[in-house]
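Take a look at the structure below.
Number of protein chains: 2
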Amino acid sequence: MDIRPWRLQAKRVVYQDRWVEVALADVQLPTGRAYTYTTLRRVPGAAVVALNGRQEVLVQREYRYPLDAVVYQLPGGLVDAGESPLETARRELREETGYEAEEWELLGTVQDNPGLIDGATTLFLAQRLRPASTAQLEQAEFVTSEWRPLSWLRERILAGEIEDRVLLAAFAFLAARGLIPER
Amino acid sequence: MDIRPWRLQAKRVVYQDRWVEVALADVQLPTGRAYTYTTLRRVPGAAVVALNGRQEVLVQREYRYPLDAVVYQLPGGLVDAGESPLETARRELREETGYEAEEWELLGTVQDNPGLIDGATTLFLAQRLRPASTAQLEQAEFVTSEWRPLSWLRERILAGEIEDRVLLAAFAFLAARGLIPER
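From first to last, the protein sequence lines stand for chains A and B.
Here the working numbering is used: the first residue of the first sequence is 1, the next is one more, and so on.
Here the working numbering is used: the first residue of the second sequence is 1001, the next is one more, and so on.
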């Protein structure tokens, strides 16, 4: 079957602000047919799996307006201009939780929705943590942080209480590495 | 810390089509301050972890325009009007792969990005599969399907080749249930 890239004929930006760009792309499909595709882009992000010596992970709860719900998630945020994702991860961990880490390891990348959005989040494992300062949150951030065993995270996933793609991806990356304890 | 819901003052839709709605919400933060929040909504989706008797999963590769790349993903699609997510999962498995399943089980839900989008995908585990028809793809779908062992999926995750949030969430849901074999 033909899965060649489509040919872009024209792209019109229909909405743009500092967070997101929405565009309509007129493409030619491999069959030759014309098709208009809605495509979004957002600023890339970075997130942190902070793991302490007791195999506990730093989990946040935050009110998220798009879902009108308080959700479990990881420390993290958007990559600022000139920053690498690792620099973002270090900065967000410090700002949101007050922790610094001596050991950083790349876990992987998760995309919000490859069929709709170019929206990547790069995940890092942070270990050998120490409290360095008090958290300094931005004006629209209302976040709590709590240390939870990895087995607690598994039970919350089984109970259907974890829906954030970044936190589920973090569990997948840790499980693939054999870091989740047996039930 | 206060994580009470924000108070909505006004919401303006700035872009809308059949796939996505983009709105600006003027909210009052718990501090009392005014803030404008970009919020998106898309049609909900459903996806299928089709698992055969050899513990192999049906993985797709599809060209995804927003990333300009061929990505690994699962069978699935958007929920049609009047459909339940389970009905969508059954339909998409049949349309995209030609398979039907006798056993269906809810795995969980993953959200594209709780900080930006109301965009849920409900995942189901489908077992006792049989080929029922040939795949019937929509005009913009160019998809290949392949049976792969769960250990293959883990290795692809470790190699950084899996970025779709649905496929990573599927691995997390299976790992939480103890269904991923040891390395």
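The beta carbon of each residue, even a glycine, is placed where N, CA and C say it ideally should be.
* To do: Pick helix, strand or coil for M1001 of chain B, following the three-state DSSP scheme.
  => Position 1 of the second sequence holds residue 1001 of chain B. Caution is warranted here: a pLDDT of 49 is assigned to M1001 of chain B, below 50, making its placement in the model unreliable, and the coordinate value is therefore given only provisionally. In the structure shown, M1001 of chain B sits in coil (DSSP, three-state: anything other than H, G, I, E or B).
* To do: Return the residue from the list B:A1135, B:Y1035, B:V1043 and B:G1032 that minimises the CA-CA distance to Q1060 of chain B.
  => Stepping through the second sequence from its first residue, residue 1060 of chain B is reached at position 60. Looking at the Cα atoms, B:A1135 is the closest of the given residues.
* To do: Whole angstroms is fine: what's the gap from E105 of chain A's alpha carbon to F124 of chain A's?
  => The sequence position of residue 105 of chain A within the first sequence is 105, counting from 1. The sequence position of residue 124 of chain A within the first sequence is 124, counting from 1. Rounded to the nearest angstrom, the two C-alpha atoms are 6 Å apart.
* Asked: Is the shortest distance between the beta-carbon of A1010 of chain B and the beta-carbons of chain A less than 8 Å?
  -> As a working mapping, residue 1010 of chain B is identified with position 10 in the second sequence. Taking 8 Å as the threshold, the shortest C-beta distance from A1010 of chain B to chain A does not fall below it.
* Would you tell me roughly how many angstroms separate the C-alpha atoms of E62 of chain A and R156 of chain A, rounded to the nearest one? => If you number the first sequence from 1, residue 62 of chain A lands on position 62. If you number the first sequence from 1, residue 156 of chain A lands on position 156. CA-CA distance, E62 of chain A to R156 of chain A, rounds to 16 Å.
* Between the CA atoms of T1097 of chain B and D1080 of chain B - distance to the nearest angstrom -> Sequence index remark: in the second sequence, residue 1080 of chain B carries index 80 (1-based). Sequence index remark: in the second sequence, residue 1097 of chain B carries index 97 (1-based). Roughly 18 Å between the two C-alpha positions.
* For D1134 of chain B, name the three-state secondary structure that DSSP assigns. => Here residue 1134 of chain B corresponds to residue number 134 of the second sequence, with the count starting at 1. Asp is not the amino acid found at residue 1134 of chain B; the sequence shown has Thr there. Looking at T1134 of chain B - three-state DSSP - the assignment turns out to be coil, as it is neither helix nor strand.
* If I'm right that T121 of chain A touches G82 of chain A with Cβ under 8 Å, what's the distance once you round it to whole angstroms? => Residue 121 of chain A sits at position 121 when you count from the first residue of the first sequence. Residue 82 of chain A sits at position 82 when you count from the first residue of the first sequence. No, T121 of chain A and G82 of chain A are not in contact; Cβ-Cβ is about 18 Å, not under 8 Å.
* Asked: Below 8 Å between beta carbons: does that hold for R130 of chain A and E100 of chain A?
  -> As a first step, residue 130 of chain A is located in the first sequence; it is residue number 130 there, counting from the start. As a first step, residue 100 of chain A is located in the first sequence; it is residue number 100 there, counting from the start. Yes, the pair counts as a contact, with Cβ atoms nearer than the cut-off.
* Take V1014 of chain B and list the residues in its own chain whose beta-carbon comes closer than 7 Å to its own, dropping the five residues that flank it on each side. => For this step, residue 1014 of chain B is matched to residue 14 along the second sequence. These residues qualify, in order along the chain: V1022, A1023 and L1024.
* **Positions along the region 1094 to 1123 of chain B whose CB lies within less than 7 Å of some CB in chain C** => Protein chains in the displayed structure are A and B, and chain C is not among them.
* Asked: Hey, quick one: how far does the alpha helix (DSSP H) through R165 of chain A stretch, first residue to last?
  -> Residue numbering aside, residue 165 of chain A sits at position 165 when the first sequence is read from its first letter. Counting along the chain, the alpha helix (DSSP H) containing R165 of chain A begins and ends at R165 to A176.
* To do: Work out the CA separation of V1143 of chain B and P30 of chain A for me, nearest whole Å.
  => For the purposes of this step, residue 30 of chain A is taken as the residue at position 30 of the first sequence. For the purposes of this step, residue 1143 of chain B is taken as the residue at position 143 of the second sequence. Distance between P30 of chain A and V1143 of chain B, taken at the CA atoms: about 12 Å.
* To do: Label L58 of chain A either buried or exposed according to how many other C-beta atoms from any shown protein chain fall within 10 Å of its C-beta, with 16 as the threshold for buried.
  => Looking up residue 58 of chain A in the first sequence gives position 58. It is buried - the Cβ of L58 of chain A has at least 16 other Cβ atoms within 10 Å.
* Asked: Could one say the Cβ of A1046 of chain B lies closer than 8 Å to chain A's Cβ atoms, at least one of them?
  -> Translated into positions along the second sequence, residue 1046 of chain B becomes position 46. Taking Cβ atoms only, chain A never reaches closer than 8 Å to A1046 of chain B, which makes this a no.
* The beta strand (DSSP E) with L1008 of chain B in it runs from where to where? -> Position 8 of the second sequence, counted from the start, is the residue given in the question as residue 1008 of chain B. It spans R1007 to Q1016 - the beta strand (DSSP E) in which L1008 of chain B sits, taken as one unbroken run.
* Return the CA-CA distance between I1117 of chain B and E1103 of chain B, expressed in angstroms with no decimal places. => Here residue 1117 of chain B corresponds to residue number 117 of the second sequence, with the count starting at 1. Here residue 1103 of chain B corresponds to residue number 103 of the second sequence, with the count starting at 1. Roughly 31 Å separates the two Cα atoms.
* **Proximity winner among B:A1126, B:E1163 and B:L1008, relative to Q1055 of chain B (alpha-carbon distances)** => Taking the second sequence and counting its residues from 1, the one referred to as residue 1055 of chain B is at position 55. Cα-wise, what sits closest to Q1055 of chain B is B:A1126.
* In this structure, does DSSP put S1145 of chain B in helix, strand or coil? -> Residue numbering aside, residue 1145 of chain B sits at position 145 when the second sequence is read from its first letter. S1145 of chain B falls in the strand class under three-state DSSP.
* Opening and closing residue of the alpha helix (DSSP H) in which W1152 of chain B lies -> In the second sequence, residue 1152 of chain B corresponds to position 152, counting from 1. Counted as a single uninterrupted DSSP element, the alpha helix (DSSP H) harbouring W1152 of chain B occupies residues L1150 to L1158.
* Asked: For chain A, is any of its Cβ atoms less than 8 Å away from the one on Q1028 of chain B?
  -> For the purposes of this step, residue 1028 of chain B is taken as the residue at position 28 of the second sequence. By this cut-off, Q1028 of chain B is not an interface position.
* To do: Counting only runs of 3+ residues fully inside the region 1047 to 1075 of chain B, write out the beta strand (DSSP E) ranges in chain order.
  => 1056 to 1064 and 1069 to 1073
* **Strand pairing of Q1121 of chain B, partner residues [DSSP]** => The sequence position of residue 1121 of chain B within the second sequence is 121, counting from 1. The question names Gln, yet the displayed sequence has Thr at residue 1121 of chain B. Beta-bridge pairing links T1121 of chain B to B:G1045 and B:V1110.
* To do: Could you tell me which residues DSSP pairs with E105 of chain A in its beta bridges?
  => Looking up residue 105 of chain A in the first sequence gives position 105. According to DSSP, E105 of chain A bridges with A:L125.
* Coil, strand or helix - T1031 of chain B by DSSP -> Counted from its first residue, the second sequence places residue 1031 of chain B at position 31. The answer is coil: DSSP assigns T1031 of chain B none of H, G, I, E or B.
* Asked: Can you name the residues of chain A whose CB is closer than 7 Å to the CB of D1164 of chain B?
  -> To locate residue 1164 of chain B, count along the second sequence from 1; it is residue 164. Neighbours of D1164 of chain B on chain A, chain order: Q111 and P114.
* Where Q28 of chain A and T39 of chain A are concerned, what is the direct C-alpha to C-alpha distance, given to the nearest angstrom? -> As a first step, residue 28 of chain A is located in the first sequence; it is residue number 28 there, counting from the start. As a first step, residue 39 of chain A is located in the first sequence; it is residue number 39 there, counting from the start. Cα to Cα, Q28 of chain A sits roughly 15 Å from T39 of chain A.
* To do: Would you please verify whether the beta carbon of T88 of chain A is less than 8 Å from any beta carbon of chain B?
  => Your numbering for residue 88 of chain A matches position 88 in the first sequence. Not closer than 8 Å to any Cβ of chain B, the Cβ of T88 of chain A fails to qualify, so no.
* Asked: Which chain B residues sit within Cβ distance under 7 Å of V71 of chain A?
  -> The residue labelled residue 71 of chain A in the question sits at position 71 within the first sequence. Near V71 of chain A (Cβ distances below 7 Å), the residues of chain B are P1114.
* To do: Compute the Euclidean distance between the alpha carbons of K11 of chain A and Y1065 of chain B, then round it to the nearest angstrom.
  => For the purposes of this step, residue 11 of chain A is taken as the residue at position 11 of the first sequence. For the purposes of this step, residue 1065 of chain B is taken as the residue at position 65 of the second sequence. Just so you know, the alpha carbons of K11 of chain A and Y1065 of chain B end up roughly 12 Å apart.
* Limits of the alpha helix (DSSP H) - the one that A1089 of chain B falls within -> For the purposes of this step, residue 1089 of chain B is taken as residue 89 along the second sequence, with counting starting at 1. Unbroken alpha helix (DSSP H) run through A1089 of chain B: P1085 to T1097.
* Asked: Straight-line CA distance for D26 of chain A to W6 of chain A?
  -> Counting from one through the first sequence, the residue named residue 26 of chain A turns up at place 26. Counting from one through the first sequence, the residue named residue 6 of chain A turns up at place 6. Each residue's Cα considered, the two are about 10 Å apart.
* Output, in chain order, the set of chain A residues within a Cβ distance shorter than 7 Å of D1017 of chain B. => Numbered from 1 along the second sequence, position 17 holds the residue referred to as residue 1017 of chain B. Ordered by position in chain A, the residues that pass the 7 Å Cβ test against D1017 of chain B are T38.
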